[in-house]
Structure formats: C-alpha cells, structure tokens
Amino acid sequence: MNVLITSAGRRVELVRLFKRAQAAENGRVFCADCSDSAPALKFCDKPFVVGRIDSGNYIEQLLGICKAENVGLLVPTIDTELEILAENARRFLDEANCRVSVSPPKTVRICADKVKTQAFFEQNNIKCPKMVSSDICGSLGLKYPMFIKPRAGSSSVNAFKANNYEQYSFFREYVKDCIVQEFVSGEEYTVDMLCDFNGNFKAMGARRRLSVRAGEVLKGLTVKDAQIESTVKDIAKKLRFFGVITLQCIKNESGIYFTEINARFGGGAPMSVYAGLDLPRHLIDIAKGKDVCIADSFRENMLFSRFDDCVLAR
Numbered sequence: 216m217n218v219l220i221t222s223a224g225r226r227v228e229l230v231r232l233f234k235r236a237q238a239a240e241n242g243r244v245f246c247a248d249c250s251d252s253a254p255a256l257k258f259c260d261k262p263f264v265v266g267r268i269d270s271g272n273y274i275e276q277l278l279g280i281c282k283a284e285n286v287g288l289l290v291p292t293i294d295t296e297l298e299i300l301a302e303n304a305r306r307f308l309d310e311a312n313c314r315v316s317v318s319p320p321k322t323v324r325i326c327a328d329k330v331k332t333q334a335f336f337e338q339n340n341i342k343c344p345k346m347v348s349s350d351i352c353g354s355l356g357l358k359y360p361m362f363i364k365p366r367a368g369s370s371s372v373n374a375f376k377a378n379n380y381e382q383y384s385f386f387r388e389y390v391k392d393c394i395v396q397e398f399v400s401g402e403e404y405t406v407d408m409l410c411d412f413n414g415n416f417k418a419m420g421a422r423r424r425l426s427v428r429a430g431e432v433l434k435g436l437t438v439k440d441a442q443i444e445s446t447v448k449d450i451a452k453k454l455r456f457f458g459v460i461t462l463q464c465i466k467n468e469s470g471i472y473f474t475e476i477n478a479r480f481g482g483g484a485p486m487s488v489y490a491g492l493d494l495p496r497h498l499i500d501i502a503k504g505k506d507v508c509i510a511d512s513f514r515e516n517m518l519f520s521r522f523d524d525c526v527l528a529r
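Numbering (my numbering), first residue to last: 216 to 529.
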C-alpha cells in the first residue's frame, strides 16, 4: 500500500516513520505540498507540488495522484485541509480505492472550532477550562489571569495569557474572533490516539510537554496515566474519530482539564512512535482492512528532545 502525506511541509520525522513502516512490504511514501521548497519533499519516494488548499482544484489534484500512483492511504497534516478532505473522503474511496485518514465532517468541524469543542466538552461532562463571555470581562471583577486564543487557531498562534484588564483589553482587540477562558495552570500533556475507520478506539500514547516552541513540543516525557486514558476513551466513545488524533490537556491538583482536540497527526507524534506505539504501521494495517489488535508496547518515562535541521531545497 502506497501512502500520500499532504501539506507535508516540515514533517520530515513523519515521512521517515511511514517509510520505515513500509520497508518490509516495499510500499512507497509520497508527499504533496504547495511549496517546492518544503523540506519533507526531499525525504519521500516521490514529491508532488500541488495548488493551495483553496485553489479550487486541490481535491482533483490529489485524486489524480492517488489514481496514478496507486495510493491506498492519504494522511493530511494541517487543520485547514481537514474539512475539505472529510467532505470528499468517499470520493477517494470510490474513485481511487484510497482511505483518507480523516474523521467525519461533523467531528472535524467540532474540533476546528474552539467554541464547538468547548460545548462538546461541557455537554459530555468532560472537565475543561471555563469559557468567559468577552463582553463582561473586567466589568464584573472577574479573576485574572485569563487565556485568549483564536476561535479557529492552531499551533498556539495568537494565544495569550492576560494577567490584568489592561492586557486583556489589548489582546482582546489584537486577536480577532477569539475566545476567552479561565487560565488553568499545571502540567501540560499531549495524547496521540488511534481509531479505526469504524470509530473504534485502538490505542493511545501520552507525553508530558516539558518544553514548547511555537505550539510544538521540543522536549517530552512519555507517561501512562489511568485518568487521562479513561477520559480519552470516553471522548472517543462520544465523538466519532478516524485515524490518528491529538488531544491536549492540563493536569493539576483539581483534576485534568482537556483544552483542545486536533483531528490529525500532531507534530510530536513521532515521540509516541519511538516509545513503542507504531502509529504509521497500525494505520496502514487498518487502512488495509485488517482487524488490528494492538499490544500495550508503549513505554513510559522516555525523555525525547527534538531539534532543527536543514536540507538543500533547490
């Protein structure tokens, strides 16, 4: 089975891990990106430069690649392409016999919109930071600090802690279409979860975020936490997921607060793979229609540190 990773960008680690998973069966790994200088294009078996997601023919271009290269699994990597791929996932299966590792459109929309994610958590009794109406902040003597972030943001872009009303007023104006939440301090965790194409939970790996830059983890320590695992399984029961999903939560003396769900591979997912949860291999097997039973091979207390590298782009 050949694999196509879209919006591949800087996902060199992910490309390498899919190539490793394919090695035994001679499967190929292709990458597509709108920029011919995307680093990941230099590490795959065959690169493709395609139009932007909003170009109007993005789906047709990807379908053409899948048909021509006998791609059986398409793996998206950024939030902005998830909805259009979710809406066209059936086309890829019918026209190219290709599975798209993307959740149903309803799930994608809930995960992409922080207000809808908040509503999902609250309606299902999943602990999360309280949302505060931006119209009343400061006027009713509400407690600071508060946390401000874009309603449809990712990678911690334009996410700010406001320690007082002056900071709140500035960031509230600076961050357009934002949401305001109570600020919850504590240890931050990321969870990589795998579900099959029937929405069944298959496995997960969790890590504590020790160092973060621009929303992406630099250092992480793998953990096993029964309470986090129980809540993640509960979320998987109440919201239908396909493929690899990334969840974020904060743990303190008051409990575990879930903050967001990214319906795709997270940037730090290779840490879970190196810790024993071979997400690319399992995802390929699931896409092949295998009834995958995953042994608990995830190892805790493994400290990972990530680094930058460069490649001659052209």
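A virtual CB, placed ideally from N, CA and C, is assigned to each residue, including glycine.
Next item on the list: Tell me whether residue 262 sits in a helix, a strand or coil according to DSSP, three-state version.
Entry: Per DSSP, reduced to three states, the secondary structure at residue 262 is strand.
Notebook entry, point to check: Tell me, which residues are paired with residue 458 by DSSP?
Noted result: Bridge partners of residue 458 according to DSSP: 410.
Next item on the list: For residue 448, I'd like the list of residues in its chain whose CB is within less than 7 Å of its CB, leaving aside the five on either flank, ordered along the chain.
Entry: Closer than 7 Å at the Cβ level, and outside the excluded window around residue 448, lie 416.
Notebook entry, point to check: From this set, 225, 363, 224, 238, which residue's C-alpha is nearest residue 216's C-alpha?
Noted result: Taking only the C-alpha atoms, the option nearest residue 216 is 238.
Notebook entry, point to check: Is the closest heavy atom of the ligand HEM to the C-beta of residue 307 under 7 Å?
Noted result: For the ligand HEM, the structure offers nothing, since it holds no ligand at all.
Next item on the list: Consult DSSP for residue 228 and reduce its assignment to one of helix, strand or coil.
Entry: Three-state result, residue 228: helix.
Notebook entry, point to check: By the 10 Å Cβ neighbour count, where 16 or more other Cβ atoms means buried, how is residue 246 classified, buried or exposed?
Noted result: Under this definition residue 246 is a buried residue.
Next item on the list: Kindly confirm or deny that the region 504 to 522 and the region 388 to 408 touch, where touching means at least three C-beta pairs closer than 8 Å.
Entry: No contact exists between the region 504 to 522 and the region 388 to 408.
Next item on the list: Kindly identify the DSSP beta-bridge partner or partners of residue 275.
Entry: Per DSSP, none; premise fails for residue 275.
Notebook entry, point to check: Apart from the five residues just before and just after residue 225, which ones in its own chain have a Cβ nearer than 6 Å to its Cβ?
Noted result: Excluding positions up to five away in sequence, the list reads 254.
Check: How big is the Cα-Cα spacing for residue 328 and residue 519?
Finding: Their backbone Cα atoms lie some 30 Å apart in a straight line.
Check: Where DSSP assigns a beta bridge to residue 219, which residues make up the other side?
Finding: Paired residue(s): 245, 289.
Item checked: 8 Å contact criterion, which residue 265 and residue 281 should meet: CB distance rounded -> Separation of the CB atoms of residue 265 and residue 281 is rounded to 12 Å, and the pair is thereby denied contact status at 8 Å.
Next item on the list: Return helix, strand or coil for residue 384, following the three-state DSSP convention.
Entry: Of the three classes helix, strand and coil, the one that applies to residue 384 here is helix, per DSSP.
Check: If you drop the 5 nearest sequence neighbours on each side, which residues of the same chain put their C-beta closer than 8 Å to that of residue 514?
Finding: Cβ neighbours of residue 514 beyond the five flanking positions: 437, 490, 491.
Next item on the list: Would you mind reading off the limits of the alpha helix (DSSP H) that contains residue 320?
Entry: Element bounds for residue 320: 320 to 327.
Check: Which residues share a DSSP beta bridge with residue 518?
Finding: 436.
Notebook entry, point to check: Hey, quick one: how far does the beta strand (DSSP E) through residue 363 stretch, first residue to last?
Noted result: Per DSSP, the unbroken beta strand (DSSP E) holding residue 363 starts and ends at 361 to 365.
Next item on the list: Taking residue 295 as part of the beta strand (DSSP E), name the residues at either end of that continuous run.
Entry: No beta strand (DSSP E) holds residue 295; DSSP gives it neither H nor E.
Notebook entry, point to check: In whole angstroms, what is the alpha-carbon distance linking residue 469 and residue 423?
Noted result: A direct Cα-to-Cα measurement between residue 469 and residue 423 gives close to 17 Å.
Check: Is there contact here, the region 309 to 325 with the region 449 to 461, by at least three beta-carbon pairs under 8 Å?
Finding: Result yes; three or more Cβ-Cβ pairs closer than 8 Å.
Checklist line | Residues sharing a beta bridge with residue 405, DSSP | finding: Its beta-bridge partners are 422, 463.
Margin query: Measuring alpha carbon to alpha carbon, tell me which residue in 498, 505, 529, 528 is nearest residue 233.
Written below: Distances from the alpha-carbon of residue 233 to those of 498, 505, 529, 528 put 498 closest.
Check: Hey, residue 193 and residue 219 are a contact pair by Cβ (cut 8 Å); roughly how many whole angstroms apart?
Finding: Nothing can be reported for residue 193, as the shown portion of the chain is limited to 216 through 529.
Notebook entry, point to check: Would residue 221 pass as a contact of residue 296 if the rule is Cβ separation under 8 Å?
Noted result: Cβ atoms of residue 221 and residue 296: closer than 8 Å.
Next item on the list: Name the two residues that bound the continuous alpha helix (DSSP H) containing residue 501.
Entry: For residue 501, the enclosing alpha helix (DSSP H) starts and ends at 494 to 502.
Checklist line | For residue 444, the three-state DSSP class (helix, strand or coil) | finding: Residue state for residue 444 is assigned as helix, using DSSP reduced to three classes.
Checklist line | From 501, 486, 503, residue whose alpha carbon lies closest to that of residue 231 | finding: The option with the nearest alpha carbon to residue 231 is 486.
Checklist line | Expected contact under 8 Å - CB spacing of residue 323 and residue 478 to nearest Å | finding: Going by Cβ atoms, the distance from residue 323 to residue 478 rounds to 5 Å, so yes, they are a contact pair.
Note to self: Nearest by alpha-carbon distance to residue 342: which of 446, 223, 506, 428 is it?
What the structure shows: Measuring from the Cα of residue 342, the nearest candidate turns out to be 446.
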